[in-house]
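**Q** Numbering (this note's numbering), first residue to last: 11 to 296.
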Ligand code: NAD
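(1) Count the other CB atoms within 10 Å of the CB of residue 231; is the residue buried (16 or more) or exposed (fewer)?
(2) For residue 275 and residue 199, what's the separation of their Cα atoms in angstroms?
(3) Kindly list the residues whose CB is nearer than 6 angstroms to the CB of residue 34, restricted to its own chain and excluding five residues on each side of it in sequence; keep chain order.
(4) With DSSP collapsed to three states, give me the class of residue 25.
(5) Please name the residue in 113, 239, 282, 258 whose C-alpha comes closest to that of residue 266.
(6) So residue 103 packs on residue 122, CB below 8 angstroms; how close in whole Å?
(7) Report the rounded CA-to-CA distance for residue 142 versus residue 272, giving the unit in angstroms.
(8) Would you call the segment 15-34 in contact with the segment 72-83, where contact means no fewer than 3 C-beta pairs closer than 8 angstroms?
(9) Can you tell me the Cα-Cα spacing of residue 163 and residue 156, whole angstroms?
(10) If I measure Cβ to Cβ from residue 86 and keep anything under 8 angstroms in the same chain, skipping five residues before and after, which residues do I get?
(11) Quick one: using the 10 Å Cβ neighbour count with 16 as the cut-off for buried, is residue 254 buried or exposed?
(12) May I ask you to check if the CB of residue 220 is nearer than 8 angstroms to at least one heavy atom of ligand 1?
(13) Is the CB-CB distance between residue 173 and residue 224 below 9 angstroms?
(14) Using DSSP with H/G/I as helix, E/B as strand and the rest coil, what is residue 184?
(15) Rounded to whole angstroms, what is the Cα-Cα separation between residue 158 and residue 73?
(16) Which of the three DSSP states, helix, strand or coil, is assigned to residue 77?
(17) What number of angstroms, rounded off, separates the C-alpha of residue 44 from the C-alpha of residue 93?
(18) I need the DSSP call for residue 195, collapsed to helix, strand or coil.
(19) Measure from the alpha carbon of residue 190 to the alpha carbon of each residue in 208, 209, 170, then state which is nearest.
(20) Does DSSP put residue 285 in a helix, a strand or coil?
(21) What did DSSP end up calling residue 135 once you bin it into helix, strand or coil?
(22) Less than 8 angstroms separating the Cβ of residue 152 from some heavy atom of ligand 1?
(23) Pull up the CB-CB distance for residue 229 and residue 183, whole angstroms please, since I reckon it's below 8 angstroms.
(24) Please classify residue 246: does DSSP put it in a helix, a strand, or coil?
(25) Near residue 241, which residues of its chain fall below 6 angstroms by C-beta distance, leaving aside the five closest residues on each side in sequence?
(26) Could you pull the start and end residues of the beta strand (DSSP E) that residue 117 belongs to?
(27) DSSP puts residue 12 in a beta bridge; with which residues?
(28) What I want to know is whether the C-beta of residue 20 ends up closer than 8 angstroms to one or more non-hydrogen atoms of ligand 2.
(29) Return the chain-ordered list of same chain residues with a C-beta closer than 7 angstroms to the C-beta of residue 55, the five sequence neighbours on each side being excluded.
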């Protein structure tokens, strides 16, 4: 059984980002900039925003954290986004979710300039992914793909099953796997005989939000099992996969914590660098 170590893989990707940021600065005099907006006082959101800011500092990306009070109106948030859309120092914009209930999240995400949309949630980026033009792609599923690539796991012709159909993880994950020539099934809360579908998978991705949901009877021996879930149980983080028992059946598996999580943040920086290059008209490889 191969343990897919997210921290190690994230460190490799991060080094590439540091090199890319340095090259942009030296050759073009540009420092990529990321703005993260947080509205309100949600404790988990504050932790995530803090980690994003720290990751920017570690890679040389300029970072602005914009903290707005919980009572900020939708119009005020839209006008903050307009300013950031026009700000040349800012190449990537991220609005930390969830937003307070009085704000229409869709309207906010639609307002972000698509070429600064480092979360990849704008309909233009979602549509491009759907037709196989990968521009700014959602960080978590893109991180899973990078993890598979770096680990030397090929997707061509493989049976992949994604449990979960959210816009943030499940659907983009399925599109990315499909573009790499996997044969993809998407399962969800209404799927009949879920275990039987999962047992078909050479690559099983769990993005459900239910602790220890995937058990060994759902896993084909030797399958690659990717656990996207983050659940808090008795003050400990656990995934959607029952790691202890599934690791005895799987060919490779991600732990929680230390699996997909570390890749999500690094892919945000990857997207910020990519967005900067897009805006400068530079090829991605520069
Ligand atoms: P979501 O709640 O938006 O979607 C969950 C999906 O699971 C839904 O499509 C639903 O149909 C499916 N589902 C629910 N119950 C099911 C069942 N009994 N059988 C089959 N399918 C079922 O969640 P999300 O935003 O996609 O996140 C999923 C998990 O991934 C959460 O634990 C979340 O915290 C985690 N997550 C982790 C990262 C990371 O960086 N590792 C990033 C985003 C989300």
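Glycine included, every Cβ here is placed at the ideal spot set by N, Cα and C.
**A** On the basis of the supplied data:
(1) Classification for residue 231: exposed.
(2) Whole-angstrom Cα-Cα distance: 28 angstroms.
(3) Scanning its chain for C-beta atoms nearer than 6 angstroms, with the 5 sequence neighbours on each side dropped, one finds around residue 34 the residues 40, in chain order.
(4) For residue 25, the secondary structure class from DSSP, reduced to helix, strand or coil, is helix.
(5) Comparing Cα positions, the closest option is 239.
(6) Sure, about 5 angstroms apart at Cβ, within 8 angstroms.
(7) Spanning the two alpha carbons is a distance of roughly 26 angstroms.
(8) Segments in contact, no.
(9) Taking the straight line from one Cα to the other gives about 10 angstroms.
(10) So the qualifying residues of the chain are 78.
(11) Label assigned to residue 254: exposed.
(12) In this structure, residue 220 has its CB closer than 8 angstroms to one or more heavy atoms of ligand 1.
(13) Inclusion of residue 173 and residue 224 in the CB contact set at 9 angstroms is warranted, their separation being smaller than that value.
(14) In the structure shown, residue 184 sits in a helix (DSSP, three-state: H, G or I).
(15) Spanning the two alpha carbons is a distance of roughly 29 angstroms.
(16) Three-state result, residue 77: strand.
(17) Taking the Cα positions, residue 44 is about 13 angstroms away from residue 93.
(18) Strand, per DSSP.
(19) The shortest C-alpha to C-alpha distance from residue 190 to any of 208, 209, 170 is the one to 170.
(20) Three-state DSSP puts residue 285 in a helix.
(21) Reduced to three states, the DSSP call for residue 135 is helix.
(22) For ligand 1, not one heavy atom lies less than 8 angstroms from the Cβ of residue 152.
(23) Wrong, their Cβ atoms sit about 18 angstroms apart, outside the cutoff.
(24) Shown here, residue 246 sits in a strand according to DSSP, grouped into three states.
(25) Taken in chain order, the residues that qualify are 221, 248.
(26) It is not in any beta strand (DSSP E) - residue 117 instead sits in the alpha helix (DSSP H) that spans 115-121.
(27) Paired residue(s): 262.
(28) Ligand 2 is absent from the structure shown, which contains only ligand 1.
(29) Answer for residue 55: 48, 106, listed in chain order.
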